[in-house]
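Here the structure is laid out as structure tokens; the discussion comes afterwards.
Protein chains in written order, with the numbering used here: chain A, 1 to 127; chain B, 128 to 260.
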């Protein structure tokens with residue numbers, strides 16, 4: 001029988017399991033973005049190409065994708081901070097409340113960042 | 128096999144490279160958090176207006192040795208952290224478990240290529256001259 005993560009993990013560890021899976025997925029997404037980012041910024045090597053590329057990418061749907069990227073980075077950063085704490089022996093018995101506390105902080109940070117960026121897409125912020 | 132050390136009289140069944148990889152992953156995480164926040168703050172929040180980034184302003188920043196150092200360090204730490212992360216994901220998926228040295232070699236080569244590519248990409252920002260016309 002094939003044992004999936006989901007069936008092998010008891011309910012009380014499910015939050016941690018999803019935190020782990022999301023950490024990996026967000027990490028891979030950010031790594032792939034890093035490759036694309038290197039290619040885009042390297043256009044400065046060709047005379048005039050950088051400014052043309054930057055203008056071409058200054059579109060609402062690209063900015064919306066950048067917001068998703070920021071969400072992935074924030075998640076990876078905050079959950080990674082939690083992992084660092086466990087490594088130094090802090091909060092090992094409060095893994096779940098720490099997770100939700102940091103996610104709350106992430107939502108607040110995301111709202112502020114979206115408020116700064118959304119004017120470029122919608123013409124207005126959130127607040 | 129090299130062992131990591133003695134814990135409670137028992138040798139840890141871990142290769143030294145694994146322990147260093149783990150420690151460096153944590154160290155680069157902290158460095159990236161600092162470098163990346165600086166980078167994002169400067170580019171998206173400390174800029175007046177919401178227009179596209181121009182080459183001229185990027186060059187102005189990169190004329191400073193501080194920004195040159197920041198970007199070279201961010202490049203190096205991000206490449207290490209990403210590729211070591213990819214290695215962990217692949218091993219968890221059961222890929223390359225029996226040929227870890229080969230996989231590590233391939234990832235190191237990819238990282239070296241990415242670092243050289245990124246470092247060369249920085250040159251036109253620093254000199255103010257395109258490499259190709």
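Beta carbons are placed, not taken as given, at the ideal position from N, Cα and C, and that holds for glycine.
Beta-carbon neighbours of residue i, restricted to chain B and to distances below 7 Å
i: residue 50 (chain A); result: 182
i: residue 41 (chain A); result: 248
i: residue 116 (chain A); result: 172
i: residue 103 (chain A); result: Those do not exist, as residue 103 (chain A) stays about 17 Å from chain B at its closest Cβ, beyond 7 Å.
i: residue 27 (chain A); result: 212
i: residue 34 (chain A); result: 205 and 209
i: residue 24 (chain A); result: 216
Bridge partners - residue i, DSSP secondary structure assignment
i: residue 40 (chain A); result: For residue 40 (chain A), which the question treats as bridged, DSSP gives no partner whatsoever.
i: residue 224 (chain B); result: According to DSSP, which records beta bridges pairwise, residue 224 (chain B) is partnered with nothing at all.
i: residue 46 (chain A); result: B:259
Proximal residues of chain E, C-beta to C-beta of residue i below 8 Å
i: residue 7 (chain A); result: Of the protein chains in this structure, namely A and B, none is chain E.
Within chain A, partners of residue i - CB distance below 7 Å
i: residue 245 (chain B); result: 38
i: residue 153 (chain B); result: 84 and 87
i: residue 252 (chain B); result: 44
i: residue 160 (chain B); result: 77
i: residue 179 (chain B); result: 54, 55 and 58
Neighbour list for residue i in chain B, Cβ cutoff strictly below 8 Å
i: residue 47 (chain A); result: 257, 259 and 260
i: residue 17 (chain A); result: Result: empty, since nearest Cβ-Cβ is about 13 Å, beyond 8 Å.
Proximal residues of chain A, C-beta to C-beta of residue i below 8 Å
i: residue 336 (chain B); result: No statement about residue 336 (chain B) is possible, as the shown extent of chain B runs from 128 to 260 and does not include it.
Proximal residues of chain B, C-beta to C-beta of residue i below 9 Å
i: residue 31 (chain A); result: 205, 208, 209, 210, 212 and 213
Practice task
Check whether the segment 164-182 of chain B touches the segment 14-34 of chain A, taking contact to mean three or more Cβ pairs, one atom from each stretch, closer than 8 Å.
Solution key: no
Problem - Near-chain A residues of the segment 205-221 of chain B (beta-carbon distance less than 7 Å), N- to C-terminal order - result: 205, 209, 212, 213 and 216
Handout entry: Meets three-Cβ-pair contact criterion under 8 Å: the segment 179-189 of chain B and the segment 46-56 of chain A
Key = yes
Exercise for the section: Can you give me, in chain order, the residues of the segment 76-95 of chain A that have a beta carbon less than 7 Å from any beta carbon in chain B? Expected result: 77, 80, 84 and 87
Practice task
Tell me, please, whether the segment 192-201 of chain B touches the segment 227-241 of chain B by the rule of three or more beta-carbon pairs shorter than 8 Å.
Solution key: no
Problem - Three CB pairs or more closer than 8 Å across the segment 15-27 of chain A and the segment 63-80 of chain A - result: yes
Handout entry: the segment 111-119 of chain A / the segment 33-52 of chain A touching (three or more Cβ pairs under 8 Å)
Key = no
Handout entry: Residues of the segment 221-241 of chain B whose Cβ lies closer than 9 Å to any Cβ of chain A, in chain order
Key = 241
Practice task
Check whether the segment 144-161 of chain B touches the segment 95-103 of chain A, taking contact to mean three or more Cβ pairs, one atom from each stretch, closer than 8 Å.
Solution key: no
Handout entry: Given 8 Å, three or more beta-carbon pairs between the segment 209-221 of chain B and the segment 245-259 of chain B
Key = no
Exercise for the section: Only counting runs of 4 or more residues, tell me where the alpha helix (DSSP H) segments fall wholly within the segment 57-120 of chain A, in order along the chain. Expected result: 60-87 and 95-117
Problem - Ordered list of alpha helix (DSSP H) runs contained in the segment 139-204 of chain B, each at least 4 residues - result: 143-167 and 182-189
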